[in-house]
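So the structure is just underneath, and the comments pick up after that.
2 protein chains.
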Amino acid sequence: MAMPNYFEEFEVGMTQKFGKYHVTREEILEFAGKYDRQPFHLSDEAAKATLFGSLCASGWHTCAMSMRMIVENMTGGAKGALGSPGIDELRWTKPVFPGDTLHVESTIIDKQESRSRPNMGTIFMHNKVFNQNDELVMSNKPMVMFRKRDPG
Amino acid sequence: MAMPNYFEEFEVGMTQKFGKYHVTREEILEFAGKYDRQPFHLSDEAAKATLFGSLCASGWHTCAMSMRMIVENMTGGAKGALGSPGIDELRWTKPVFPGDTLHVESTIIDKQESRSRPNMGTIFMHNKVFNQNDELVMSNKPMVMFRKRDPG
Numbered sequence: 000m001a002m003p004n005y006f007e008e009f010e011v012g013m014t015q016k017f018g019k020y021h022v023t024r025e026e027i028l029e030f031a032g033k034y035d036r037q038p039f040h041l042s043d044e045a046a047k048a049t050l051f052g053s054l055c056a057s058g059w060h061t062c063a064m065s066m067r068m069i070v071e072n073m074t075g076g077a078k079g080a081l082g083s084p085g086i087d088e089l090r091w092t093k094p095v096f097p098g099d100t101l102h103v104e105s106t107i108i109d110k111q112e113s114r115s116r117p118n119m120g121t122i123f124m125h126n127k128v129f130n131q132n133d134e135l136v137m138s139n140k141p142m143v144m145f146r147k148r149d150p151g
Numbered sequence: 000m001a002m003p004n005y006f007e008e009f010e011v012g013m014t015q016k017f018g019k020y021h022v023t024r025e026e027i028l029e030f031a032g033k034y035d036r037q038p039f040h041l042s043d044e045a046a047k048a049t050l051f052g053s054l055c056a057s058g059w060h061t062c063a064m065s066m067r068m069i070v071e072n073m074t075g076g077a078k079g080a081l082g083s084p085g086i087d088e089l090r091w092t093k094p095v096f097p098g099d100t101l102h103v104e105s106t107i108i109d110k111q112e113s114r115s116r117p118n119m120g121t122i123f124m125h126n127k128v129f130n131q132n133d134e135l136v137m138s139n140k141p142m143v144m145f146r147k148r149d150p151g
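Chains as they are written, first to last, in numbering that gives the first Met the number 0: chain S, 0 to 151; chain E, 0 to 151.
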């Protein structure tokens with residue numbers, strides 16, 4: 000089942016599991032080199048001296064990779080999605096290492112009609128990202144605005 | 000004043016303003032093409048039909064660009080920073096457009112010694128990202144672990 004496209008189609012309690020993102024060392028280094036030049040994202044040796052133990056992805060990179068899986072899971076070119084005002088409780092619970100394969104589990108936890116805009120509403124999600132050993136590497140609670148299929 | 004390097008050097012209430020990140024259309028398209036292929040991040044025409052009005056950066060791209068400014072502001076190669084367990088209240092308050100120039104304002108709102116690890120502690124920040132018109136485009140509250148200079 001793909002992600003619904005319009006506000007009406009989301010049901011609170013609905014859960015989806017999707018995505019398969021293979022994390023490469025090259026991509027970790029490329030992202031970190033551009034946006035997060037902390038030693039433990041750039042060098043095995045520097046990472047060994049930290050809690051991470053070895054080279055791991057920037058947390059923002061994990062967000063970006065997860066977003067890719069989420070958008071790929073939207074049907075019809077994300078027709079109904081209108082962007083997000085924000086995210087609550089973003090947590091990085093385990094490092095993401097080169098060679099990991101990530102997937103997403105997304106649950107709809109609430110939905111609210113817009114008071115000011117009758118043609119849209121906000122969907123509240125709880126997203127969890129796991130690695131190939133089903134260890135939780137990241138979780139967060141995004142709010143996403145969706146168009147109504149039938150604003151009538 | 001650059002960002003302190005070690006836990007002891009942070010004082011609650013301390014505020015810093017730093018960074019100058021010029022956002023290009025090419026970089027918006029490159030990031031979105033890879034991680035966030037929603038129409039309003041890829042095409043002016045598609046964006047016109049949305050609340051954004053015109054092509055704008057992925058919110059995750061704004062996070063990444065802000066992280067770059069934050070890491071560049073750390074002195075001594077981010078010696079004391081040990082990564083982040085998470086972020087609260089991430090909000091995207093205005094779209095980021097091609098041609099914008101971003102900067103960061105970061106305030107230390109709390110600090111806590113680690114109970115289990117005497118050589119580190121957690122710094123709680125409130126980060127705000129503004130464009131060239133001093134409009135708030137993003138805010139969030141990260142927790143960041145820092146090494147102690149003198150674990151005593």
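Where a beta carbon is used, it is the ideal one built from N, C-alpha and C, also for glycine.
>> The beta strand (DSSP E) that contains residue 103 of chain S, what's its start and end?
In response: Within the first sequence, the letter at position 104 stands for residue 103 of chain S. Where residue 103 of chain S is concerned, the enclosing beta strand (DSSP E) stretches over 100-112.
>> For residue 43 of chain E and residue 80 of chain E, what's the separation of their Cα atoms in angstroms?
In response: Here residue 43 of chain E corresponds to residue number 44 of the second sequence, with the count starting at 1. Here residue 80 of chain E corresponds to residue number 81 of the second sequence, with the count starting at 1. Residue 43 of chain E and residue 80 of chain E: Cα-Cα distance of roughly 39 Å.
> Going straight from the alpha carbon of residue 6 of chain E to that of residue 111 of chain E, what length do you get?
Replying inline: Taking the second sequence and counting its residues from 1, one reaches residue 6 of chain E at position 7. Taking the second sequence and counting its residues from 1, one reaches residue 111 of chain E at position 112. Taking the straight line from one Cα to the other gives about 9 Å.
>> In the DSSP output, which residue or residues are listed as bridge partners for residue 89 of chain E?
In response: By 1-based counting over the second sequence, the position of residue 89 of chain E is 90. For residue 89 of chain E, which the question treats as bridged, DSSP gives the partners S:86.
> Does residue 63 of chain E have its Cβ less than 7 Å from a Cβ in chain S?
Replying inline: Walking along the second sequence from the start, residue 63 of chain E turns up at place 64. With 7 Å as the cut-off, residue 63 of chain E counts as an interface residue toward chain S.
> If contact means a Cβ-Cβ distance below 7 Å, which residues of the segment 132-147 of chain S contact chain E?
Replying inline: none
> Buried or exposed: where does residue 131 of chain S fall if 16 or more other Cβ atoms within 10 Å of its Cβ makes it buried?
Replying inline: For the purposes of this step, residue 131 of chain S is identified with residue 132 of the first sequence, where counting begins at 1. By the 10 Å Cβ count, residue 131 of chain S comes out exposed.
> Since residue 55 of chain E contacts residue 59 of chain S with CB under 8 Å, what's their CB separation in whole angstroms?
Replying inline: To locate residue 55 of chain E, count along the second sequence from 1; it is residue 56. To locate residue 59 of chain S, count along the first sequence from 1; it is residue 60. In fact, because the Cβ distance is near 18 Å, the residues do not count as touching under 8 Å.
> If residue 28 of chain E sits next to residue 41 of chain E, beta carbons under 8 Å apart, how far is it from one beta carbon to the other, in whole angstroms?
Replying inline: Here residue 28 of chain E refers to the residue found at position 29 when the second sequence is read from its first residue. Here residue 41 of chain E refers to the residue found at position 42 when the second sequence is read from its first residue. Right, the Cβ-Cβ distance comes to about 7 Å (below 8 Å), so this counts as a contact.
> According to the neighbour-count rule (16 or more other Cβ atoms, all chains shown, within 10 Å of its Cβ), is residue 67 of chain E buried or exposed?
Replying inline: Residue mapping note: residue 67 of chain E aligns to position 68 of the second sequence, counting from 1. The residue in question, residue 67 of chain E, is buried, as its Cβ has 16 or more Cβ neighbours within 10 Å.
> Given that residue 90 of chain E touches chain S, what residues does it touch there, using C-beta distances under 9 Å?
Replying inline: Your numbering for residue 90 of chain E matches position 91 in the second sequence. Neighbours of residue 90 of chain E on chain S, chain order: 84, 85, 86.
> Closest by CA to residue 142 of chain S, which one among S:18, S:101, S:53, S:87?
Replying inline: Stepping through the first sequence from its first residue, residue 142 of chain S is reached at position 143. The option with the nearest alpha carbon to residue 142 of chain S is S:87.
>> Measuring only the C-alpha atoms, how far is residue 100 of chain S from residue 69 of chain S?
In response: On the first sequence, position 101 is the one that residue 100 of chain S refers to. On the first sequence, position 70 is the one that residue 69 of chain S refers to. Distance between the alpha carbons of residue 100 of chain S and residue 69 of chain S: 15 Å.
> Hey, how far is the Cα of residue 129 of chain E from the Cα of residue 121 of chain E?
Replying inline: If you number the second sequence from 1, residue 129 of chain E lands on position 130. If you number the second sequence from 1, residue 121 of chain E lands on position 122. Rounded to the nearest angstrom, the two C-alpha atoms are 25 Å apart.
> How close, in whole Å, do the beta carbons of residue 14 of chain E and residue 71 of chain E come, if the pair is a contact with beta carbons under 8 Å?
Replying inline: On the second sequence, residue 14 of chain E is found 15 positions in, with the first residue counted as 1. On the second sequence, residue 71 of chain E is found 72 positions in, with the first residue counted as 1. 18 Å between Cβ atoms; not a contact.
> What residues match up with residue 34 of chain E in a beta bridge as DSSP calls it?
Replying inline: The residue given as residue 34 of chain E occupies position 35 in the second sequence. Answer is none; residue 34 of chain E lacks a bridge partner.
> What residue range is occupied by the uninterrupted alpha helix (DSSP H) comprising residue 70 of chain E?
Replying inline: For the purposes of this step, residue 70 of chain E is taken as the residue at position 71 of the second sequence. 58-72 is the span of the alpha helix (DSSP H), which, as asked, contains residue 70 of chain E.
> Short check: CB of residue 11 of chain S to CB of residue 95 of chain S, under 7 Å?
Replying inline: In the first sequence, counting from the first residue as 1, residue 11 of chain S sits at position 12. In the first sequence, counting from the first residue as 1, residue 95 of chain S sits at position 96. No. Outside cutoff.
> Can you tell which of S:85, S:17, S:146, S:78 has the C-alpha that lies nearest to the C-alpha of residue 133 of chain S?
Replying inline: Sequence index remark: in the first sequence, residue 133 of chain S carries index 134 (1-based). That would be S:17, whose Cα lies nearest to the Cα of residue 133 of chain S.
> Pick from S:34, S:84, S:2, S:137: whose alpha carbon is nearest that of residue 65 of chain S?
Replying inline: As a working mapping, residue 65 of chain S is identified with position 66 in the first sequence. Per the Cα distances, S:137.
>> So, at 6 Å on beta carbons, what are the nonlocal neighbours of residue 78 of chain S in its own chain, with the 5 sequence-adjacent residues on each side left out?
In response: As a working note, residue 78 of chain S is residue 79 in the first sequence. Excluding positions up to five away in sequence, the list reads 4.
> Roughly how many whole angstroms lie between the Cα atoms of residue 39 of chain E and residue 47 of chain E?
Replying inline: Walking along the second sequence from the start, residue 39 of chain E turns up at place 40. Walking along the second sequence from the start, residue 47 of chain E turns up at place 48. Approximately 8 Å, taken between the alpha carbons.
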